[in-house]
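Structure first, then comments.
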Amino acid sequence: MKVKICMLAVVTAAGLLSGCDTYEGQGAAYGAGAGAVIGGLAGGNVRSAAAGAAAGAATGAIIGAVIHENERQRYYQDAPPGGYPYGHPTEYPGLVRSPYYPHNLIDVRGIPAGALVLDPSVNRPFVRP
Numbered sequence: 000m001k002v003k004i005c006m007l008a009v010v011t012a013a014g015l016l017s018g019c020d021t022y023e024g025q026g027a028a029y030g031a032g033a034g035a036v037i038g039g040l041a042g043g044n045v046r047s048a049a050a051g052a053a054a055g056a057a058t059g060a061i062i063g064a065v066i067h068e069n070e071r072q073r074y075y076q077d078a079p080p081g082g083y084p085y086g087h088p089t090e091y092p093g094l095v096r097s098p099y100y101p102h103n104l105i106d107v108r109g110i111p112a113g114a115l116v117l118d119p120s121v122n123r124p125f126v127r128p
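Residue numbering for the sequence shown follows numbering that gives the first Met the number 0, beginning at 0 and increasing consecutively.
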């Protein structure tokens, strides 16, 4: 009974933490949940569930890091010869004007300067100033 409660708590925590922003965070959360379930079922006690959660979190974070790196390379390796155009700053904090027609305002809050941003109206990337 205690093992089931512990496994339920770990899986619930993993589900709550799955809203992490990064691929690494998501991988760690899902890995911890899966590892706890497998460890709890295999060992039949709380220690096994905790060990499984730790191993699963580490593995999930590594897999998430690999996915993140592949996603990042996909953007930058297909750059046009002259590079991507830059967005234009506006008087509104956190908003930039797209370099592509119809030059919509794009919300870039939380995106670091120099990162690629996708203009959803034309589905083309540009660099955040």
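All C-beta atoms, glycine included, are put in the ideal place defined by N, C-alpha and C.
Compute the beta-carbon to beta-carbon distance between Gly81 and Ser97, rounded to the nearest angstrom, for a pair I have assumed lies under 8 Å.
-> No, Gly81 and Ser97 are not in contact; Cβ-Cβ is about 17 Å, not under 8 Å.
Residue closest to Thr58, alpha-carbon to alpha-carbon, out of Leu115, Gly34, Leu40 = The candidate whose alpha carbon is nearest that of Thr58 is Gly34.
Among Ala50, Gly30, Tyr29, the one whose alpha carbon lies nearest that of Gly39 = Answer by Cα proximity: Ala50.
Alpha carbon of Val65 to alpha carbon of Gly43, nearest angstrom = Each residue's alpha carbon lies about 32 Å from the other.
Indicate the three-state DSSP secondary structure (helix, strand or coil) for Ile66 in the structure shown.
-> helix
For Pro128, count neighbouring C-beta atoms within 10 Å of its own C-beta (all shown protein chains included) and say buried if the count is 16 or more, exposed if not.
-> Under this definition Pro128 is an exposed residue.
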